[in-house]
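Colleague: Listed in order, the protein sequences are those of chains A and B. Take the first sequence: its letters are residues 1 to 267, numbered as in the UniProt record's numbering. Take the second sequence: its letters are residues 1 to 161, numbered as in the UniProt record's numbering.
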Amino acid sequence: MVTITTVDTLQEAAASSGQGSSLLGGGTLLMRGVNYGDQDVSRIVRLRQPTPLAGISSEGERIRLGAFATMATIMKSGDTAFLHPVARAVGGPAIRNMATVGGNIFAPHPYGDFAVALLVLDARLRMSDGSEMDLDRLLPVRDTETRLVESVSALRPAGDDFRFLKVTRVKPRGASVLSIAAWLPRRAGRVSGARVAFGAMAPTPVRVPEVEAALEGVNLDQNGIERALQSVANNLNPPDDSLASGWYRKAVAPVHLGRLLLGQGTR
Amino acid sequence: MMAKTPVQFSLNGSSAAVFVDDAQNLLDVLRRGVGDLTPKYGCGQGTCGSCTVLIDGEPHLSCLTLAETVEGRSVETTNGLAAGPNLHALQEAFMENFAAQCGYCTPGMLMAAKALLDRTPRPSREEVIEAISGNICRCTGYDPIIDAIMAASGQATRRTG
């Protein structure tokens with residue numbers, strides 16, 4: 001049996017969380033678990049709506065997304081134009097009206113494409129206890145983290161520095177075979193300070209420092225990116241699932257990374 | 001004993017009041033609590049779109065919507081499309097363009113299409129495809145559905161066969 005607790009603030013939600021409790025975001029993952037009798041869910045904690053945590057605000061060179069902001073909200077905001085292709089990749093219109101930023105951060109493999117983009121945009125989380133935490137530090141421990149995410153602050157990239165690609169087998173919408181996000185700032189045409197993250201290539205979205213290092217100082221042409229492509233397979237160990245085997249993911253990841261880096265087929 | 005929560009909402013313009021069980025989804029409440037059988041249970045996991053309804057004018061998957069979250073909100077289903085004996089333009093167009101075969105996806109398709117046309121009365125074909133991108137049809141191959149939505153918006157269809 002699943003019980004529902006409705007609270008007014010995230011702090012109340014955090015205080016009433018515990019073993020078997022799950023915070024309801026958009027419900028796209030939690031409710032499917034409930035529908036299928038997931039025994040790990042015995043209590044749903046729900047924040048009374050509307051909540052100010054569903055908003056988006058501009059903070060200089062950064063953008064702040066409330067944990068309850070939906071993909072549809074992001075697609076309607078002019079401040080988040082660089083994230084529109086990412087939000088659009090998260091399901092059809094009905095899913096995007098429901099799926100939240102916070103939910104995406106905790107979405108299990110192979111979901112969580114939005115978090116892949118946030119990883120390369122230097123995402124910093126504001127937690128329910130008021131503390132701050134980098135997203136790449138939360139992801140490895142997200143299943144045991146007891147604090148809740150209140151909002152996410154991400155850098156606003158310039159020009160075509162930010163790129164995102166999602167590979168699916170079902171068109172036009174499907175879960176990821178893999179997704180890739182890259183932030184590629186350049187100086188005099190050469191990459192300086194690249195960030196590259198993969199989704200569905202590990203238990204959680206991950207950055208790959210070896211790929212980033214291999215891109216440092218190169219031109220984004222076939223010769224320049226070759227070493228980065230070679231290092232993908234050596235540094236990722238993707239899981240098997242019904243969409244693709246780990247072997248397949250490993251085999252195709254360099255191909256798709258190459259297309260992303262060369263500006264072919266990004267969306 | 002499982003707790004019951006009273007929920008009031010607008011269903012197709014009329015007031016609805018039901019007691020819902022903890023964790024009961026909106027689709028279950030619409031079908032078994034209110035008796036509106038137009039939204040369909042397909043996958044129960046947000047993949048097929050056959051349970052699509054409009055909440056405050058926007059498409060949502062009723063199987064993934066916690067029922068008590070629609071308190072005070074407006075819910076629209078295919079049951080509210082026709083005005084008495086007069087079918088909605090989308091329903092007429094679905095018939096004229098053979099856009100339904102087994103019919104299971106049709107209510108979800110209609111509501112996804114209604115959300116689009118309410119916002120964009122003359123959409124492009126690409127916008128139609130995007131609007132129904134979360135709805136699966138295993139019968140028609142989609143073209144008749146896309147044609148029907150284009151026709152309902154007063155635009156010529158592209159299909160020649």
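By construction, the Cβ of each residue, glycine as well, lies at the ideal position given by its N, Cα and C atoms.
So, is the C-beta of A:Met71 closer than 8 Å to a C-beta in chain B?
Modeller: Counting from 1 along the first sequence, the entry for residue 71 of chain A is found at position 71. So no, A:Met71 is outside the interface.
Colleague: What three-state label does DSSP hand A:Asp134 in the structure shown?
Modeller: Sequence index remark: in the first sequence, residue 134 of chain A carries index 134 (1-based). A:Asp134: strand per DSSP, three-state reduction.
Colleague: Rounded to whole angstroms, how far is the Cβ of B:Cys137 from the Cβ of B:Cys105, which I believe are closer than 8 Å?
Modeller: For the purposes of this step, residue 137 of chain B is taken as residue 137 along the second sequence, with counting starting at 1. For the purposes of this step, residue 105 of chain B is taken as residue 105 along the second sequence, with counting starting at 1. Indeed, because the Cβ distance is near 4 Å, the residues count as touching under 8 Å.
Colleague: Answer with yes or no whether the minimum CB distance from B:Pro59 to chain A is below 8 Å.
Modeller: As a working note, residue 59 of chain B is residue 59 in the second sequence. So yes, B:Pro59 belongs to the interface.
Colleague: Using a Cβ cut-off of 9 Å, pull out every chain A residue sitting near B:Ile129, in sequence order please.
Modeller: Within the second sequence, residue 129 of chain B is the residue found at index 129, counting from 1. Within 9 Å of the CB of B:Ile129, the CB atoms of chain A belong to Pro172, in sequence order along the chain.
Colleague: Assuming A:Met201 and A:Leu236 are in contact, meaning their beta carbons sit under 8 Å apart, how far apart are those beta carbons, in whole angstroms?
Modeller: Taking the first residue of the first sequence as position 1, residue 201 of chain A is located at position 201. Taking the first residue of the first sequence as position 1, residue 236 of chain A is located at position 236. Confirmed, Cβ separation roughly 5 Å.
Colleague: So, helix, strand or coil for A:Arg259, using DSSP?
Modeller: If you number the first sequence from 1, residue 259 of chain A lands on position 259. A:Arg259 falls in the helix class under three-state DSSP.
Colleague: What separation, rounded to the nearest whole angstrom, lies between the Cα atoms of A:Gly130 and A:Thr80?
Modeller: In the first sequence, residue 130 of chain A corresponds to position 130, counting from 1. In the first sequence, residue 80 of chain A corresponds to position 80, counting from 1. Near 24 Å, if we compare the C-alpha coordinates of A:Thr80 and A:Gly130.
Colleague: Check for me: the beta strand (DSSP E) holding A:Ala154 runs from which residue to which?
Modeller: Mapped onto the first sequence, residue 154 of chain A falls at position 154. Unbroken beta strand (DSSP E) run through A:Ala154: Val149 to Leu155.
Colleague: Measuring CA to CA, which of A:Leu262, A:Leu125 and A:Ser22 is closest to A:Leu65?
Modeller: For the purposes of this step, residue 65 of chain A is taken as residue 65 along the first sequence, with counting starting at 1. Of the listed residues, the one whose Cα sits closest to A:Leu65 is A:Leu125.
Colleague: Measuring straight from C-alpha to C-alpha, what distance separates B:Gly72 and B:Gly33?
Modeller: The residue you call residue 72 of chain B lines up with position 72 of the second sequence. The residue you call residue 33 of chain B lines up with position 33 of the second sequence. About 17 Å.
Colleague: Tell me whether A:Gln230 sits in a helix, a strand or coil according to DSSP, three-state version.
Modeller: Here the question's residue 230 of chain A lines up with position 230 in the first sequence. Of the three classes helix, strand and coil, the one that applies to A:Gln230 here is helix, per DSSP.
Colleague: Could you list which residues in chain A have their beta carbon closer than 8 Å to that of B:Leu66, in chain order?
Modeller: Stepping through the second sequence from its first residue, residue 66 of chain B is reached at position 66. Those are Ile4, Leu24, Gly27, Met31, Ile44 and Arg46, listed as they occur along chain A.
Colleague: Per DSSP, which residues does B:His60 bridge with? Please list them.
Modeller: As a first step, residue 60 of chain B must be located in the second sequence, where it is residue number 60. Paired residues: B:Val53.
Colleague: Looking only at C-alpha atoms, which of A:Ala54, A:Asn97 and A:Ala115 sits nearest to A:Ile180?
Modeller: Looking up residue 180 of chain A in the first sequence gives position 180. Looking at the Cα atoms, A:Ala115 is the closest of the given residues.
Colleague: Can you tell me whether DSSP reads B:Asn79 as helix, strand or coil?
Modeller: Numbered from 1 along the second sequence, position 79 holds the residue referred to as residue 79 of chain B. B:Asn79 falls in the helix class under three-state DSSP.
Colleague: Determine the closest residue to A:Thr28 out of A:Ala99, A:Gly92, A:Gly246 and A:Thr3, with distance taken between C-alpha atoms.
Modeller: On the first sequence, position 28 is the one that residue 28 of chain A refers to. Its Cα nearest to that of A:Thr28, the residue A:Ala99 stands out among A:Ala99, A:Gly92, A:Gly246 and A:Thr3.
Colleague: What is the C-beta distance between B:Gly108 and B:Gly49, in whole angstroms, given that I count them as a contact (C-beta under 8 Å)?
Modeller: If you number the second sequence from 1, residue 108 of chain B lands on position 108. If you number the second sequence from 1, residue 49 of chain B lands on position 49. The pair is a contact, with the Cβ atoms about 4 Å apart (cut-off 8 Å).
Colleague: Would A:Asn35 count as contacting chain B if we go by Cβ distances under 8 Å?
Modeller: Counting from 1 along the first sequence, the entry for residue 35 of chain A is found at position 35. Yes, contact with chain B.
Colleague: Within a Cβ cutoff of 8 Å, which residues of the same chain sit near B:Ala115, ignoring the five residues on either side of it in sequence?
Modeller: Position 115 of the second sequence, counted from the start, is the residue given in the question as residue 115 of chain B. Contacts found: Leu54, Gly57, Glu58, Pro59 and Ala131.
Colleague: Locate the beta strand (DSSP E) running through A:Met127, then write down its first and last residues.
Modeller: In the first sequence, counting from the first residue as 1, residue 127 of chain A sits at position 127. Per DSSP, A:Met127 belongs to the beta strand (DSSP E) from Arg124 to Met127.
Colleague: For B:Gly161, I'd like the list of residues in its chain whose CB is within less than 7 Å of its CB, leaving aside the five on either flank, ordered along the chain.
Modeller: The sequence position of residue 161 of chain B within the second sequence is 161, counting from 1. Note that B:Gly161 scores a pLDDT of 48, beneath 50, so its modelled location is shaky; the value from the coordinates is reported in the next line. If we look at B:Gly161 and ignore the five residues flanking it on each side, it has no Cβ neighbours.
Colleague: Quick check on DSSP: helix, strand or coil for A:Leu178?
Modeller: By 1-based counting over the first sequence, the position of residue 178 of chain A is 178. Of the three classes helix, strand and coil, the one that applies to A:Leu178 here is strand, per DSSP.
Colleague: By how many angstroms is the C-alpha of A:Gln230 removed from the C-alpha of B:Leu37?
Modeller: Your numbering for residue 37 of chain B matches position 37 in the second sequence. Your numbering for residue 230 of chain A matches position 230 in the first sequence. Looking at the two C-alpha atoms, the distance is approximately 55 Å.
Colleague: Looking at the structure shown, is A:Tyr248 part of a helix, part of a strand, or coil, going by DSSP?
Modeller: What you label residue 248 of chain A is simply residue 248 of the first sequence in a count that begins at 1. Residue state, collapsed to three classes: helix.
Colleague: For a contact meaning CB atoms closer than 8 Å, what does B:Gln155 contact in chain A?
Modeller: What you label residue 155 of chain B is simply residue 155 of the second sequence in a count that begins at 1. Here the premise fails: no neighbours, minimum Cβ distance about 20 Å.
Colleague: Does the beta carbon of A:Arg267 sit closer than 8 Å to a beta carbon anywhere in chain B?
Modeller: Taking the first residue of the first sequence as 1, we reach residue 267 of chain A at position 267. Caution applies to A:Arg267, whose pLDDT of 48 falls short of 50 and renders its modelled position unreliable; the value that the coordinates give is listed next. A:Arg267 does not count as touching chain B.
Colleague: Please decide whether B:Ala152 counts as near chain A, where near means a Cβ-Cβ distance under 8 Å.
Modeller: As a first step, residue 152 of chain B is located in the second sequence; it is residue number 152 there, counting from the start. For B:Ala152, the answer is no, since every Cβ of chain A falls outside 8 Å of its Cβ.
Colleague: Between B:Ala148 and B:Phe94, how many whole angstroms is the CB-CB distance? I'm expecting something under 8 Å.
Modeller: Locating residue 148 of chain B in the second sequence gives position 148, where the first residue counts as 1. Locating residue 94 of chain B in the second sequence gives position 94, where the first residue counts as 1. The pair is a contact, with the Cβ atoms about 5 Å apart (cut-off 8 Å).
Colleague: Excluding five sequence neighbours on each side, which residues of the same chain lie with their C-beta closer than 7 Å to the C-beta of A:Ile4?
Modeller: Indexing the first sequence from 1 puts residue 4 of chain A at position 4. The answer, listed in chain order, is Ile44 and Arg46.
Colleague: Are there 16 or more other CB atoms within 10 angstroms of the CB of B:Thr78, so buried, or fewer, so exposed?
Modeller: The residue given as residue 78 of chain B occupies position 78 in the second sequence. By the neighbour-count rule (16 or more Cβ atoms within 10 Å), B:Thr78 is buried.
Colleague: How about A:Val101 and A:Val141: are their beta carbons less than 8 Å apart?
Modeller: The residue given as residue 101 of chain A occupies position 101 in the first sequence. The residue given as residue 141 of chain A occupies position 141 in the first sequence. Against a cut-off of 8 Å, the Cβ pair of A:Val141 and A:Val101 comes out as no contact.
Colleague: Taking a cut of 8 Å between CB atoms, which residues from the region 82-110 of chain A lie near chain B?
Modeller: Gly91, Gly92, Pro93, Ala94, Ile95, Asn97 and Met98
Colleague: Taking Cβ-Cβ distances shorter than 7 Å, what residues in chain A pair up with B:Cys63?
Modeller: As a position in the second sequence, residue 63 of chain B is number 63, starting the count at 1. Going along chain A in sequence order, the residues near B:Cys63 (Cβ under 7 Å) are Asn35.
Colleague: To the nearest angstrom, how far is it from the Cα of A:Arg267 to the Cα of A:Gln222?
Modeller: Taking the first residue of the first sequence as 1, we reach residue 267 of chain A at position 267. Taking the first residue of the first sequence as 1, we reach residue 222 of chain A at position 222. The pLDDT assigned to A:Arg267 is 48, lower than 50, so where the model puts this residue is not dependable; a value taken from the coordinates is nonetheless given after this. Taken atom to atom, the span from the alpha-carbon of A:Arg267 to that of A:Gln222 is near 20 Å.
Colleague: Using 8 Å as the threshold, is the region 102-114 of chain A in touch with the region 197-211 of chain A, meaning 3 or more CB pairs across them?
Modeller: yes
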